[in-house]
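Residue numbers (the numbering used here): 1 to 241.
All C-beta atoms in this analysis are idealised placements derived from N, C-alpha and C, irrespective of residue type, glycine included.
Note sheet for the following structure.
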């Protein structure tokens with residue numbers, strides 16, 4: 001699944017209009033995969049998303065650390081390191097292929113490698129069979145820079161043959177709670193949740209279908225760092241208090 005800023009997924013929210021709170025969301029595979037991929041994102045990527053793309057101040061002091069690294073001269077870094085390795089760390093391939101968050105400014109793990117210019121692609125007995133994801137690396141055999149770029153290509157057909165991609169199965173509908181707890185959806189689980197929230201007036205409940213794009217994805221990422229009422233914060237504009 002390609003990552004585009006225009007990508008959207010659909011959620012069905014169950015809202016308690018009296019308490020102005022999202023009780024839970026009915027979600028499909030694409031949204032649950034998005035949530036799971038949040039745990040795959042490097043911290044540097046999270047900070048960049050919340051500061052550069054959402055034009056918001058990062059919660060806590062990580063934003064200050066990120067900015068100080070941006071302002072730090074490259075001369076202070078080790079020869080085999082760059083600022084981008086910290087500011088734009090390599091995200092797992094699966095994280096770069098999920099909608100709602102644009103990771104175009106970073107790099108994906110394993111996408112580009114570099115090999116020795118003396119490495120012979122036609123020989124299995126080459127004495128220079130080294131490669132790295134950093135062009136500054138040096139070949140142990142001849143001390144040449146690993147300057148020849150080679151591309152890693154994911155085998156899309158193989159992934160499709162094994163499964164649907166992502167993390168969870170698409171034949172199941174999932175219940176996502178306001179605090180992002182994920183469980184399989186069922187009639188019994190829905191009734192259990194209504195009892196848990198002590199809902200007395202069913203007429204006060206509202207079903208609302210919402211589209212979630214990149215702006216909402218960024219809001220959800222930020223809200224998940226400072227509140228347990230994430231869906232309420234993103235879609236109702238408050239914390240449900």
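Local Cβ density within 10 Å of residue i, reported as buried at 16 or more and exposed below that
i	result
residue 233	buried
residue 179	exposed
residue 219	buried
residue 222	buried
residue 203	exposed
residue 288	With the chain represented from 1 up to 241, any question about residue 288 goes unanswered, as that position is not in the structure.
residue 238	exposed
residue 60	exposed
residue 14	buried
residue 80	exposed
residue 225	exposed
residue 195	exposed
Whole-Å CB distance - residue i paired with residue j, under 8 Å assumed
i	j	result
residue 205	residue 16	6 Å
residue 18	residue 166	Going by Cβ atoms, the distance from residue 18 to residue 166 rounds to 36 Å, so no, they are not a contact pair.
residue 172	residue 184	6 Å
Under 7 Å between C-beta atoms of residue i and residue j
i	j	result
residue 42	residue 117	no
residue 27	residue 174	yes
residue 72	residue 197	no
residue 133	residue 152	no
residue 252	residue 212	Residue 252 lies beyond the residue range present for the chain, which begins at 1 and ends at 241; the question has no answer from this structure.
residue 65	residue 115	no
residue 236	residue 12	no
residue 176	residue 168	no
residue 62	residue 47	yes
Between the CA atoms of residue j and residue i - distance to the nearest angstrom
i	j	result
residue 127	residue 136	19 Å
residue 44	residue 50	10 Å
residue 144	residue 76	24 Å
residue 138	residue 82	16 Å
residue 230	residue 190	19 Å
residue 246	residue 199	The question about residue 246 has no answer here: the residues shown for the chain are numbered 1 through 241.
residue 69	residue 78	14 Å
residue 241	residue 84	Bear in mind that the predicted position of residue 241 carries a pLDDT of just 49, short of 50, making it unreliable; the figure below should be weighed with that in mind. Straight-line Cα distance between these residues: approximately 40 Å.
residue 186	residue 101	29 Å
Start and end residues, beta strand (DSSP E) containing residue i
i	result
residue 151	148-151
residue 202	First-last for residue 202: undefined, no H or E at that position.
residue 179	Residue 179 -> no beta strand (DSSP E), and no H or E assigned at all.
residue 222	Looking at the DSSP string, residue 222 is not in any beta strand (DSSP E); the run it does join, the alpha helix (DSSP H), is 214-223.
residue 9	9-16
residue 112	112-115
Residue range of the unbroken alpha helix (DSSP H) whose run includes residue i
i	result
residue 193	187-196
residue 33	29-38
residue 62	62-71
residue 45	43-48
residue 232	230-236
residue 133	Unbroken run through residue 133: none, as it is neither H nor E.
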